[in-house]
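Peer 1: Residue numbers (the working numbering): 2 to 200. I have a structure here, written as structure tokens, and I will follow up with some questions on it.
Below is the structure:
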């Protein structure tokens, strides 16, 4: 399949940064710690700083499940954003309860926000690559949005399978990025994204 065309620039006034699920559940003390989570967090912080410097809107996605749920329980510590990824003034937060932020009740909210802002290009960062990041990329592309996924501002955990096997986090991350690049969008390192002109 033909993947997206190479990104040569970020359209000024039409680009947004979507920061997906950078929440305590995926870090030390959470139930699904991601081995490369801290590294992805550091790169995501660079993207947020870049977005702020270029007046690119930042939208934080927060996975929230009902109180008492085993993961991402509303009102709990692990559902909260990581201390180093607290939304800044003017940055929007959209709560979701599906793998993709474009699904369920959060979908129309996000789509309306993007439409009102005139956004046609999304930079995706966050967790996990094979799940919520890939889900957002998959659902954004058919809506006519150009998708750019940061390869090092995303990460996955080790995945234990029902048959007793395991898929390592690095392999899972790489496979997810390959699928995105082949079908839904452009995959670039954070350095490459930061080098793109905004015009």
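Positions of the beta carbon are idealized from the N, C-alpha and C atoms, including for glycine.
(1) Rounded to the nearest angstrom, what separates residue 95 and residue 112 at their Cα positions?
(2) Cα separation between residue 60 and residue 70?
(3) Counting C-beta neighbours from all protein chains within 10 Å, is the total for residue 90 16 or more, i.e. buried, or is it exposed?
(4) By the three-class DSSP mapping on this structure, what secondary structure does residue 103 have?
(5) Can residue 103 and residue 137 be called in contact, C-beta distance under 8 Å?
(6) Could you tell me whether the segment 9-24 touches the segment 51-68, using the rule of 3 or more Cβ pairs below 8 Å?
(7) Mark residue 162 as exposed unless 16 or more other C-beta atoms lie within 10 angstroms of its C-beta, in which case mark it buried.
(8) Does DSSP put residue 157 in a helix, in a strand, or in coil?
(9) Tell whether a beta-carbon distance below 8 Å holds between residue 149 and residue 184.
(10) Could you spell out where the beta strand (DSSP E) holding residue 93 opens and where it closes?
(11) Whole-angstrom Cβ separation of residue 13 and residue 134, contact assumed at under 8 Å?
(12) Rounded C-beta distance between residue 123 and residue 40? I'm assuming under 8 Å.
(13) Does the segment 70-79 come close enough to the segment 40-60 to have 3 or more Cβ pairs within less than 8 Å?
(14) Does any heavy atom of the ligand MG sit closer than 7 Å to the C-beta of residue 19?
Peer 2: To lay it out plainly:
(1) 11 Å
(2) 25 Å
(3) exposed
(4) coil
(5) yes
(6) yes
(7) exposed
(8) coil
(9) no
(10) 93-97
(11) That pair is no contact at about 25 Å.
(12) About 22 Å separates the two Cβ atoms, so there is no contact after all.
(13) no
(14) With respect to the ligand MG, the structure shown offers nothing to examine, as it has no ligands at all.
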